[in-house]
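Asker: Handing you a structure now.
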Amino acid sequence: MSTWQIDRSGPSSESGASTPSDVPLKWAHDALTGEPRYIHDSEVIDHQCSCICTACRLVLTPVMAGQPLRVRPTAHFRHPAGSQKDACTLVAARLAATHLLLENGFIDLPRRTMSRTAIGFSGQGYEIWVEEPSERRVITNARLHDHATAELTLDDGRKLLVDLTGRREPIGEGNGQAVVTISLSDPELAMLSPDEIRSRLRILPDIHWCAHWNNQALAAKGDAEASRAACNALDDWSAEDEADFRSRLTPDIDEETARNLRRETLLHREAKAILEREQRITTPCLEVRVTRDPPDEFIGEWETDTLRMNWFAAPKMLELTDVRLERRLGRIVPDIVANLAARDIHAAGIIDTCVNDGFEEEIEDTSSLPWPSILLVEVTVTHGIDEEKRRRIRELNLATLEIDLSLLGGRITREDLRNLIVDQTVGKRWVHHPVFPIKQQRLNTALDEHPVTLRYQERLIELRRPQWLAVPASHWAHCYLEAVTRFHDENVLIRRAQRKHQGDGPKPKLLGKESGAWPQIAEAAEALAAHGLPGAADAFMLDESGLIARLLSLQRNTGVGYDVGTGYQVLNAIMQSGKDSKRWDTLYAIAVKAYSLEAHFTSDQARKYDGWRQTLIAKVDANDEAYMRPATFDALLSVLFPDMAERINKGYGRLPDQAR
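Under the numbering used here, the first residue of the sequence shown is numbered 14, with each subsequent residue one higher.
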């Protein structure tokens with residue numbers, strides 16, 4: 014038999030609560046056994062027990078015990094006259110309910126749920142709910158702990174405190190103590206019979222956990238799952254990460270910038286981890302586009318076709334090895350550097366041509382080019398790749414892929430990032446690929462030969478011819494030679510600067526057709542052609558070691574296009590040239606004579622030149638075709654270098670069947 018008593022040392026959550034005086038007290042405490050007594054129990058009717066108030070401990074007198082049908086007045090326990098009755102009726106009702114809960118034999122405990130939140134470094138919260146399942150437990154003992162709390166002992170030995178007010182707030186981790194709250198605060202419970210109370214207890218009022226035996230374990234589980242949620246959202250950041258991150262920053266950096274840099278650092282690290290793990294990446298198509306607009310002179314004319322040629326190769330899945338993070342290459346530090354596993358990757362593609370955005374033709378590009386063995390990956394989040402870094406990447410001439418995560422918006426999970434990097438082309442674009450300049454040059458060459466371009470050239474010549482012919486050819490010859498000299502001299506200086514270049518500054522780049530000097534050369538060449546002197550724009554003429562640069566060097570007794578100080582040094586290079594260029598040697602011998610270069614030779618130089626000249630004469634006299642020049646440039650060279658004209662016109666060293 015259980016002894017029912019109130020542990021008065023425990024706190025009461027309802028001290029000072031009052032009970033309506035018109036609610037009769039029908040439950041009391043057996044003074045001897047501690048058992049709850051109902052007014053109509055046989056022990057009360059037969060005066061076999063002494064009853065006391067559960068709350069105030071005063072002796073009670075049964076009134077009309079055993080007369081359940083009496084209503085006015087109804088049976089009840091009466092306090093001594095003049096006694097203070099605080100929460101007596103309510104406490105008695107709770108005692109009865111707790112006793113009958115024990116008799117019922119079990120309690121259905123609700124599931125215990127708990128919310129835990131992890132805060133990512135972005136400030137975003139990641140809330141996770143964890144729970145212990147509901148369970149039915151057998152009650153082996155029950156007692157009132159104080160006026161508002163009962164203590165239940167369960168069949169597994171665990172203790173459960175039951176707050177009977179229904180108003181107790183959840184407490185912290187509970188230190189391993191379990192507390193539930195049930196609303197058993199209706200004073201009318203004190204009037205109910207045992208059967209009526211049992212009926213109520215079949216469906217208990219809402220039971221709420223204030224603390225659970227496993228609170229600490231649940232909290233730890235929730236914290237771990239919330240941290241995983243932040244981790245999966247790429248928003249986690251350990252203390253070690255922060256310490257390493259801060260060591261790389263300036264002390265005065267603002268928090269917003271630091272937060273963005275944290276995320277960028279984490280994404281770089283995660284992208285590398287993905288590539289290391291997956292060893293593959295899907296890359297977008299390679300594409301090169303060249304557009305040729307009509308010349309400005311054509312404004313207002315009926316023919317203003319715009320040409321466009323596209324070369325593109327399909328997306329590729331690349332297999333990778335040796336993935337590295339932020340390794341210096343030359344003057345850049347790419348986010349990720351990886352080697353390509355395969356050595357036989359080729360960039361085969363398709364070329365389409367459009368006129369005024371109207372499709373003209375599509376052909377297969379059969380001149381596929383091999384890929385480089387290294388792939389660079391730049392992951393951009395808040396800031397794109399600036400022009401200076403692009404220029405340095407182009408200097409390295411390595412395949413460089415940008416993955417722009419700023420386009421995604423919102424949260425991105427680790428799986429989202431893995432899918433994007435490994436399987437998708439969204440947000441990816443090529444910053445540079447070694448195939449680009451090669452294909453661009455080939456497309457430009459193809460556009461130069463397109464019928465529309467040729468018509469434009471013919472029309473331009475027609476429009477410009479009057480102004481070209483209004484000036485003598487000698488004027489255009491002078492302009493041409495001066496422009497070529499400036500072009501080559503500037504490139505000589507640039508090569509010197511390239512050889513001396515150190516540090517992370519931009520490496521000087523040689524002038525090309527896109528330079529400001531080139532249009533002057535091109536216009537002078539076109540004007541000379543209008544005067545009947547074609548060939549000035551020929552690549553062989555304009556190369557740094559071409560015909561014009563060599564003849565200018567011999568004429569001026571200094572290097573033009575050559576980083577040397579004398580004409581003989583250029584002549585020495587000519588004398589050592591291969592057999593393929595021997596056909597032009599007679600022109601160089603004519604220049605030496607015309608410009609009295611021999612006067613500047615040393616005796617050894619004169620002897621060497623004389624031996625070379627005698628060999629040349631012998632080859633020409635024998636009509637050796639390797640030493641016989643075509644007449645292609647004779648007329649033009651006679652105007653460009655008048656002092657050579659007489660000897661050129663004699664035809665010495667020219668193929669016999671060709672005339673000017």
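The beta-carbon is built from N, C-alpha and C at its ideal position, and this holds for glycine as well.
Start and end of the beta strand (DSSP E) containing G362?
Answerer: Its beta strand (DSSP E) spans residues H359 to V368.
Asker: Span of the alpha helix (DSSP H) holding F134?
Answerer: No alpha helix (DSSP H) holds F134; DSSP gives it neither H nor E.
Asker: May I have a chain-ordered list of the beta strand (DSSP E) segments no shorter than 3 residues that lie completely inside the stretch 262–343?
Answerer: Qualifying beta strand (DSSP E) stretches, in chain order: 293–296, 299–305, 320–326 and 329–338.
Asker: Quick one, which of P264, A361, W531 and P86 has its alpha-carbon nearest I451's?
Answerer: It is A361.
Asker: When DSSP labels each residue in this structure, what does E56 get in the three-state scheme?
Answerer: Correct three-state label for E56: helix.
Asker: Please say whether V435 and T334 have beta carbons closer to each other than 8 Å?
Answerer: Contact: no.
Asker: I think A543 touches R468, with their Cβ atoms under 8 Å apart; what is that distance to the nearest whole Å?
Answerer: Wrong, their Cβ atoms sit about 17 Å apart, outside the cutoff.
Asker: Which residues in the same chain have their Cβ closer than 7 Å to the Cβ of T2, if we skip the five residues on either side of it in sequence?
Answerer: Since the first residue shown for the chain is 14 and the last is 673, residue 2 is missing from the structure and cannot be characterised.
Asker: May I have the straight-line CA-CA distance separating T67 from L114, to the nearest angstrom?
Answerer: T67 and L114: Cα-Cα distance of roughly 17 Å.
Asker: Would you call the stretch 219–232 in contact with the stretch 114–123, where contact means no fewer than 3 C-beta pairs closer than 8 Å?
Answerer: Yes, they touch.
Asker: With a threshold of 16 other CB atoms inside 10 Å of the CB of L653, please say whether the residue is buried or exposed.
Answerer: Per the 10 Å Cβ criterion, buried.
Asker: Report the rounded CA-to-CA distance for K595 versus T304, giving the unit in angstroms.
Answerer: Computed Cα separation, rounded: 39 Å.
Asker: With L567 and L610 assumed to form a contact (beta carbons below 8 Å), what rounded beta-carbon distance in angstroms separates them?
Answerer: That belief holds up - the Cβ atoms of L567 and L610 are roughly 6 Å apart, short of 8 Å.
Asker: If you draw a straight line from the C-alpha of D656 to the C-alpha of G578, how long is it?
Answerer: Cα to Cα, the separation comes out at about 22 Å.
Asker: Please report the distance separating the alpha-carbon of E377 from that of I363.
Answerer: Spanning the two alpha carbons is a distance of roughly 5 Å.
Asker: State the start and end residues of the unbroken alpha helix (DSSP H) segment that holds K234.
Answerer: Counting along the chain, the alpha helix (DSSP H) containing K234 begins and ends at N228 to N245.
Asker: For H89, which residues from the same chain have a beta carbon less than 7 Å from its beta carbon, with the 5 sequence-adjacent residues on both sides left out?
Answerer: Answer for H89: P37, L38, K39, I52 and V76, listed in chain order.
Asker: Per DSSP, what kind of secondary structure is W40 in: helix, strand or coil?
Answerer: The answer is strand: DSSP assigns W40 an E or B state.
Asker: Could you check which residue in E495, L262, E503 and N369 has the C-alpha nearest to that of D318?
Answerer: Ranking E495, L262, E503 and N369 by Cα distance to D318 puts N369 first.
Asker: Span of the beta strand (DSSP E) holding R352?
Answerer: According to the sequence displayed, residue 352 carries Asn and not Arg. Taken as a continuous stretch (DSSP letters only), the beta strand (DSSP E) holding N352 covers I349 to L353.
Asker: Between Q97, W226 and S206, which has its C-alpha nearest G170's C-alpha?
Answerer: Nearest option by C-alpha distance: W226.
Asker: So the alpha helix (DSSP H) R477 belongs to, where does it begin and stop?
Answerer: P464 to L482 is the extent of the alpha helix (DSSP H) around R477.
Asker: Per DSSP, which one or two residues make a beta bridge with R156?
Answerer: DSSP, once it has assigned bridges, lists E164 as partnering R156.
Asker: Out of E289, L103 and I184, point me to the one whose CA is closest to M204's CA.
Answerer: Among E289, L103 and I184, the Cα nearest to that of M204 belongs to L103.
Asker: Alpha carbon to alpha carbon, how far is L280 from L353?
Answerer: Each residue's Cα considered, the two are about 22 Å apart.
Asker: Quick check on the DSSP output: the alpha helix (DSSP H) that includes S380 runs from which residue to which?
Answerer: Counting along the chain, S380 falls outside any alpha helix (DSSP H), though it belongs to the beta strand (DSSP E) covering G371 to P383.
Asker: Among residues of its own chain, excluding the 5 on either side of M554, which ones have a beta-carbon nearer than 6 Å to its beta-carbon?
Answerer: Same-chain partners within the cutoff: L560 and I561.
Asker: Apply the 10 Å Cβ neighbour rule to D168 and answer buried if 16 or more other Cβ atoms are within range, or exposed otherwise.
Answerer: Result: exposed.
Asker: Would DSSP call Y581 helix, strand or coil?
Answerer: Three-state DSSP puts Y581 in a helix.
Asker: For a test of your reading of the model: does the CB of A224 fall under 7 Å from any non-hydrogen atom of the ligand ATP? Yes or no.
Answerer: Among the components modelled here there is no ligand, and therefore nothing to report on the ligand ATP.
Asker: Specify the secondary structure class of H445 as computed by DSSP and reduced to three states.
Answerer: In the structure shown, H445 sits in a strand (DSSP, three-state: E or B).
Asker: Do you know whose CA, among G133, A161 and E471, lies nearest A252's CA?
Answerer: The shortest Cα separation from A252 among G133, A161 and E471 belongs to G133.
Asker: Only counting the same chain, and skipping five residues up and downstream in sequence, which positions put a Cβ closer than 8 Å to that of E283?
Answerer: Excluding residues within five positions, the ones whose Cβ falls inside 8 Å are L247, R427 and L430.
Asker: Would you tell me roughly how many angstroms separate the C-alpha atoms of F646 and K513, rounded to the nearest one?
Answerer: Cα-Cα distance, rounded: 38 Å.
Asker: Assign E638 to buried or exposed, taking buried as 16 or more other Cβ atoms, counted over all protein chains shown, within 10 Å of its Cβ.
Answerer: The residue is exposed, with fewer than 16 neighbouring Cβ atoms inside 10 Å.
Asker: Distance, Cα to Cα, T270 vs I406?
Answerer: Cα to Cα, T270 sits roughly 26 Å from I406.
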